[in-house]
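> Numbering (my numbering), first residue to last: 37 to 412. We put the beta carbon where it would ideally sit given N, CA and C, even for glycine. The structure follows.
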Ligand SMILES: [Zn+2]
Ligand SMILES: [Zn+2]
């Protein structure tokens, strides 16, 4: 089959920015040195560009995981141009196709099934999309968004304005123009682009799959450190409209924390969270499938399979029981008419059912670990 034509502008752009970043930046550092303030500005610019992509392009526009005040949207639109990852409209449209056809080697624009290089950067180096490039029919909602369309129309102007203007302004303010252009301009651009690209490549190759094994997306806490929390990609692919990617409080997800702070300040609203029941169910089902597949390879595993299913059913029942009381409790809290003692009784019941669920969950995990070990 004939290969798609090379997009030379992209090839030259990615190669030249990468080569100059790995040569000029260290050379200038060794010869003249960088001020501490220039490094601080570099980190701030990394976060500005990175979070504009994760909180803005990704969770706000591509997935509609929450609503944001127009001022925040303008800040993200400028930061997205600063990150130089195409307009929010184009990025979101591509990303929705990625979720809808994940791993399909033809339809998924950055399918991980086509290998590391393709999913990381190769997909942008050849004209694989052809006529579909400007098809935004899956983003009609965004075509009605004034900020998104304003950024789309003036994208190249905004790219130049932010990528030259921000480092130049910071350089003049802090008295190190060339150092700032190199760190906050060039190095920041190359790093922030590759950190985002890691989500399409590494986060579909390296890590665990606790929520679903139906696609290649992985949870990877280490990668989350470089991607403003987007390393929890296995969770994200199954519950894409959740404003969080790392759901545990200790998961490093600064995008989630920022959205929560914005909500607290009244700048974000309608934060979507996946109910605990669905999350726990997905985890239990994934583990059940994994253990079943392993047991199927063993002779005379019928007893073990029966036991596994029995424990799975008990787990789901306990989960259901605890979640239904949780719902009642939430409604009771809103109901001012309900007597305090009734609320107390409900709370006590909730705590007992949660404990029963947690105990069953531990037993379930231990059983799976034992069976998986035996089948290893
Ligand atoms: Zn993905
Ligand atoms: Zn996504």
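Span of the alpha helix (DSSP H) holding residue 325?
312-332
> Please determine if the segment 333-345 and the segment 392-410 are in contact, where contact requires at least 3 C-beta pairs separated by less than 8 angstroms.
yes
> With DSSP collapsed to three states, give me the class of residue 304.
strand
> Can we count residue 276 as close to ligand 2, meaning its CB is less than 6 angstroms from some heavy atom?
yes
> Looking only at DSSP bridge pairs, what is residue 104 linked to?
304
> Name the residue from 383, 278, 348, 176 whose alpha carbon lies nearest to the alpha carbon of residue 403.
348
> Would you please state the rounded distance, in angstroms, between the beta carbons of residue 272 and residue 148? I believe it to be under 8 angstroms.
With a Cβ gap of about 14 angstroms, residue 272 and residue 148 do not count as contacting.
> For residue 218 versus residue 66, is the C-beta distance shorter than 7 angstroms?
no
> Do the segment 226-239 and the segment 262-282 touch if we need at least three Cβ pairs shorter than 8 angstroms?
For the pair of segments examined, the segment 226-239 was found to touch the segment 262-282: the number of CB pairs separated by less than 8 angstroms reaches three.
> Is the CB-CB distance between residue 255 and residue 270 below 7 angstroms?
Yes, the Cβ-Cβ distance between residue 255 and residue 270 is below 7 angstroms.
> Looking at the unbroken alpha helix (DSSP H) that takes in residue 275, where does it start and where does it end?
Per DSSP, residue 275 belongs to no alpha helix (DSSP H) and is neither H nor E.
> Among 205, 64, 97, 244, which one has its Cα closest to the Cα of residue 279?
97
> Helix, strand or coil for residue 68? Go by DSSP, reduced to three states.
coil
> Determine contact between the segment 305-325 and the segment 118-138, defined as no fewer than three beta-carbon pairs at a distance below 8 angstroms.
no
> With three or more C-beta pairs closer than 8 angstroms as the rule, is the segment 386-400 touching the segment 355-369?
yes
> Report all residues from its chain with a CB closer than 8 angstroms to the CB of residue 343; omit the five preceding and five following residues, and keep chain order.
403
> How would you label residue 416, buried or exposed, when you count the other beta carbons within 10 angstroms and need 16 or more for buried?
Since the first residue of the chain shown is 37 and the last is 412, residue 416 is not available in this structure.
> What do you reckon, are the CB atoms on residue 251 and residue 139 nearer than 7 angstroms?
yes
> Smallest Cα separation from residue 206: which of 399, 73, 158?
73
> Just the Cα atoms here: how many angstroms apart are residue 106 and residue 114?
12 angstroms
> Which first and last residues belong to the alpha helix (DSSP H) in which residue 198 is found?
191-210 is the extent of the alpha helix (DSSP H) around residue 198.
> Which residue marks the beginning of the alpha helix (DSSP H) containing residue 345, and which one marks its end?
338-370
> Residue range of the alpha helix (DSSP H) that residue 380 falls in?
376-411
> Should the segment 89-104 be called in touch with the segment 156-170, which here means at least 3 C-beta pairs below 8 angstroms?
no
> DSSP puts residue 244 in a beta bridge; with which residues?
255
> Can you find the residues in the same chain that come closer than 8 angstroms, C-beta to C-beta, to residue 41, ignoring five residues on each side of it along the sequence?
Beyond the five residues adjoining it in sequence on each side, residue 41 comes within less than 8 angstroms, by CB distance, of 162, 163 in the same chain, given in chain order.
> Spatial neighbours of residue 310 within its chain, please: CB distance less than 6 angstroms, with the 5 preceding and 5 following residues excluded, ordered by chain position.
275, 278
> Please work out which residues of its chain come closer than 8 angstroms, Cβ to Cβ, to residue 450, disregarding the five sequence neighbours upstream and downstream, and give them in chain order.
The shown model of the chain, from 37 to 412, leaves out residue 450, and the question about it has no answer.
> Measure the CB-CB distance between residue 396 and residue 351 and report whether it falls below 7 angstroms.
yes
> In whole angstroms, what is the alpha-carbon distance linking residue 137 and residue 144?
5 angstroms
> Provide the residue(s) that pair with residue 95 in DSSP beta bridges, ordered along the chain.
DSSP, once it has assigned bridges, lists no residue as partnering residue 95.
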